[in-house]
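See below for the structure under consideration.
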Amino acid sequence: EKKYLKTRFSKLKLLIIDEISMVSPELFSSMDLILRGFKGTDVPFGGVQVVISGDFFQLPPVSKEPKEKRFAWQSSAWKALELQTCYLQEKFRQDEDRLIQILNDIRSGTISESSEKFLAERHEKELTSHFTPTKLYTHNVDVDRINLAELEKLPGEAKLFVYESKGSQKNIEKIFKSSLVLEELALKKGAVVIFIKNNTEEGYVNGTTGTVEGFSPIDNMPIVRTTEGKKIKLDLEDWSLENESGTVTATVSQVPLRLAWAITIHKSQGMTLDAAEIDLSKTFETGQGYVALSRIRSIEGLRLKGLNTMALRVDPLILHVDERIRQASKKASDIIESMSVDDLQKTFDSHISQLGGIVSKEKIEEERENIKAGKPSHSAYATPTHIKTKHLIEKSDTLIKLAQNRGLSKGTVVQHLLRIKEEDPKIDINKYKPSREVFEKVGGAVLKLQTKKFKDDFTDDGKLKLKPVFDALGGEVSYDDIKVCMLFLD
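If you count the sequence shown from 1, you need to add 179 to reach this note's numbering.
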């Protein structure tokens, strides 16, 4: 399994982390350590490019114990990344000025009189008939009570759908804890439901709402009419758990629905709702009001049951970090705006090329034609970036020259050489050997560390980490030069 993982991680160039507010500092740091280990380097996230998206005004991870640090940006791994920031301003879920103003006020930490007035006008407001509001509550007990009561009001006997599963009970329990799937789902004709799985081919996504119109006479599966008017006959969906090698260890099969007269605010995160009846009278955590109100598209789809003093508050820490993120984004924006169009294009092209992409308009058009004709895509025949470096070794007398010829940094080229040497141990790269003084310093430090054999100084597969060598040399030799020396040390 470790060999499989090493192969898989060796190909990893880009890591995308979405919904960053839901990532704890511990999980974020774990990702960093795992990638450093598999990549065999002490640079943040193993040198993999990291793209992070999300909104810290959303709710943090649920924790059984109160924690001093709850957000990913509070971890040392976050600081080490030295992220470039782009603060997105345009809202796509909401297109109505009053609701946008309320949400912006919450984000600023100050609720204006006009926002208070807008909210007051929505208190116990009856919605127009074409809205079927989902009730959002802060506590599970309220949600369960309302859903069961509403189901009981409907005539007829409920149909019960019980999950099917494969795998160990321990892994099956993990699936239930990490998803919205239910062990048992009771439905009746007329039940208000919400989809909890993405299936664009069938016409629904996580958060689509609708009403049960009936049940199939063939297999008894529910038939749902969505709020948009689409009729969908449901089938079982699978929720699976994979191990480190990508093998499925457990699967739960169930109807991808939940009763949706009411759901908790935590479970609504990430959803888009046409209408919601929101009760914030028992708000117990900052941010819950913001998450609940930001689920809906328009204030016309809001019926507010109540507010307490905490409902519209946000964590002061979030206000602080949000200002820092805005400033960082402004700084990055100023740098980009100061660049000429040509420099900007060169930077863009270089980045795409390093990731193995193509930038030539002619080649992109050729790629389109190949795809239409069913020929292999660019990814199937593109030359790996380290092989491009290998082809230039003969023409490049020094590392600096090699980096210049490739249009890459010295550090990236050194990473390529490490991989080239691993794949082709007989290749002659002696011309890149460091000076005798540097080589002897690094060699001596490596020998001492290998003799001491401190467990923390080595990766799981027995390779000496770079940081202990760097520290042993008192920072006198750069990481890049240490890596180059390692190429010539047996």
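Idealized CB from N, CA, C, for every residue including glycine.
Helix or strand or just coil, what does DSSP make of residue 476? Taking the first residue of the sequence shown as 1, we reach residue 476 at position 297. It is coil, neither helix nor strand.
How long is the line joining the alpha carbons of residue 333 and residue 371, rounded to whole angstroms? Locating residue 333 in the sequence shown gives position 154, where the first residue counts as 1. Locating residue 371 in the sequence shown gives position 192, where the first residue counts as 1. Residue 333 and residue 371: Cα-Cα distance of roughly 11 Å.
Buried or exposed, going by whether 16 or more other CB atoms sit within 10 Å of the CB of residue 230? Against the sequence shown, residue 230 aligns to sequence position 51. Classification for residue 230: exposed.
Environment of residue 543 [buried if 16+ CB atoms lie within 10 Å]: Position 364 of the sequence shown, counting from 1, holds the residue named residue 543. Looking at its Cβ environment, which holds fewer than 16 other Cβ atoms inside 10 Å, residue 543 is exposed.
Taking the alpha carbon of residue 481 as the reference point, which residue from 265, 215, 314, 288 has its own alpha carbon closest? What you label residue 481 is simply residue 302 of the sequence shown in a count that begins at 1. With distances taken between Cα atoms, residue 481 lies closest to 314.
Could you work out which residue in 416, 526, 651 is closest to residue 431 when comparing CA atoms only? For the purposes of this step, residue 431 is taken as the residue at position 252 of the sequence shown. For the residues 416, 526, 651, the minimum Cα distance to residue 431 belongs to 416.
Taking DSSP as the reference, what is the three-state secondary structure of residue 199? The sequence position of residue 199 within the sequence shown is 20, counting from 1. DSSP places residue 199 in helix when its eight states are reduced to three.
Leaving out the 5 sequence neighbours to the left and right, which residues in its chain are closer than 7 Å to residue 504 when beta-carbon positions are compared? Counting from 1 along the sequence shown, the entry for residue 504 is found at position 325. Closer than 7 Å at Cβ, skipping near neighbours: 264, 266.
Sequence ranges, beta strand (DSSP E) only - wholly within the stretch 275 to 324, length at least 3: 313 to 316
Anticipated Cβ contact below 8 Å, residue 282 with residue 445, distance rounded: In the sequence shown, residue 282 corresponds to position 103, counting from 1. In the sequence shown, residue 445 corresponds to position 266, counting from 1. No, residue 282 and residue 445 are not in contact; Cβ-Cβ is about 18 Å, not under 8 Å.
Using the Cα positions of residue 228 and residue 404, report the straight-line distance between them to the nearest angstrom. As a first step, residue 228 is located in the sequence shown; it is residue number 49 there, counting from the start. As a first step, residue 404 is located in the sequence shown; it is residue number 225 there, counting from the start. Taking the straight line from one Cα to the other gives about 43 Å.
Three or more beta-carbon pairs under 8 Å between the stretch 327 to 347 and the stretch 485 to 501, yes or no? no
Quick one: residues in its chain with C-beta nearer than 7 Å to the C-beta of residue 377, no 5 flanking neighbours on either side, listed in chain order? Numbered from 1 along the sequence shown, position 198 holds the residue referred to as residue 377. If we look at residue 377 and ignore the five residues flanking it on each side, its Cβ neighbours are 384, 385.
Residue 461 by DSSP, collapsed to three states: which one? Counted from its first residue, the sequence shown places residue 461 at position 282. Of the three classes helix, strand and coil, the one that applies to residue 461 here is coil, per DSSP.
Three CB pairs or more closer than 8 Å across the stretch 618 to 637 and the stretch 579 to 596: no
Starting from residue 375, follow the alpha helix (DSSP H) in both directions and report where the run begins and ends. In the sequence shown, the residue the question calls residue 375 occupies position 196. Element bounds for residue 375: n/a, residue is neither H nor E.
Which class does residue 384 belong to by DSSP, given the choice of helix, strand or coil? Within the sequence shown, residue 384 is the residue found at index 205, counting from 1. Coil, per DSSP.
Rounded to whole angstroms, what's the CA-CA distance from residue 442 to residue 570? Just pull it up for me. As a working mapping, residue 442 is identified with position 263 in the sequence shown. As a working mapping, residue 570 is identified with position 391 in the sequence shown. Cα to Cα, the separation comes out at about 59 Å.
Do residue 478 and residue 297 have their C-beta atoms within less than 8 Å of each other? Residue mapping note: residue 478 aligns to position 299 of the sequence shown, counting from 1. Residue mapping note: residue 297 aligns to position 118 of the sequence shown, counting from 1. Contact flag set, yes.
Rounded separation between residue 523 and residue 574 - CA only: In the sequence shown, the residue the question calls residue 523 occupies position 344. In the sequence shown, the residue the question calls residue 574 occupies position 395. The straight-line gap from Cα to Cα measures roughly 29 Å.
Determine contact between the stretch 586 to 606 and the stretch 661 to 668, defined as no fewer than three beta-carbon pairs at a distance below 8 Å. yes
Could you have a look at residue 346 and say whether DSSP puts it in helix, strand or coil? By one-based count along the sequence shown, residue 346 stands at place 167. Strand.
If distances are taken between C-alpha atoms only, which option among 437, 355, 349 comes closest to residue 323? The residue labelled residue 323 in the question sits at position 144 within the sequence shown. Answer by Cα proximity: 437.
Alpha carbon to alpha carbon, how far is residue 319 from residue 638? Here the question's residue 319 lines up with position 140 in the sequence shown. Here the question's residue 638 lines up with position 459 in the sequence shown. Taking the straight line joining both Cα atoms gives about 44 Å.
How far does the beta strand (DSSP E) with residue 401 in it reach, from first residue to last? Translated into the one-based positions of the sequence shown, residue 401 becomes position 222. Where residue 401 is concerned, the enclosing beta strand (DSSP E) stretches over 401 to 405.
Range covered by the beta strand (DSSP E) that runs through residue 228: Mapped onto the sequence shown, residue 228 falls at position 49. Start and end: 228 to 231.
What's the call for residue 360, buried or exposed, on a 16-neighbour Cβ count within 10 Å? One-based indexing of the sequence shown puts residue 360 at position 181. Answer is buried; the Cβ neighbour count reaches 16.
Please give me, in chain order, every unbroken run of the alpha helix (DSSP H) with length at least 4 that falls completely inside the stretch 559 to 605. 564 to 570, 578 to 585, 589 to 602
Would you call residue 621 buried or exposed, if buried means 16 or more other Cβ atoms sit within 10 Å of its Cβ? Working through the sequence shown from its first residue, we reach residue 621 at position 442. The residue in question, residue 621, is buried, as its Cβ has 16 or more Cβ neighbours within 10 Å.
Going by DSSP, name the residue or residues bridged to residue 543. The residue labelled residue 543 in the question sits at position 364 within the sequence shown. Note: residue 543 sits in no beta bridge, so no partner.
CB of residue 233 within 8 Å of CB of residue 189, strictly: In the sequence shown, counting from the first residue as 1, residue 233 sits at position 54. In the sequence shown, counting from the first residue as 1, residue 189 sits at position 10. No, the Cβ-Cβ distance between residue 233 and residue 189 is not below 8 Å.
Just to confirm before moving on: does the CB-CB distance between residue 260 and residue 217 stay below 8 Å? For the purposes of this step, residue 260 is identified with residue 81 of the sequence shown, where counting begins at 1. For the purposes of this step, residue 217 is identified with residue 38 of the sequence shown, where counting begins at 1. Against a cut-off of 8 Å, the Cβ pair of residue 217 and residue 260 comes out as no contact.
Can the beta-carbon of residue 465 be found less than 8 Å from the beta-carbon of residue 492? Working through the sequence shown from its first residue, we reach residue 465 at position 286. Working through the sequence shown from its first residue, we reach residue 492 at position 313. Cβ atoms of residue 465 and residue 492: closer than 8 Å.
My output table needs one value for residue 336: the three-state DSSP class, helix, strand or coil. As a position in the sequence shown, residue 336 is number 157, starting the count at 1. Correct three-state label for residue 336: coil.
Considering just the uninterrupted stretch of the alpha helix (DSSP H) at residue 426, what are its terminal residues? Locating residue 426 in the sequence shown gives position 247, counting from the first residue. Here residue 426 belongs to no alpha helix (DSSP H), and DSSP marks it neither H nor E.
Once the 5 residues before and after residue 210 are set aside, which same chain residues still bring their CB inside 8 Å of it? Within the sequence shown, residue 210 is the residue found at index 31, counting from 1. Answer for residue 210: 194, 196, 224, 256, listed in chain order.
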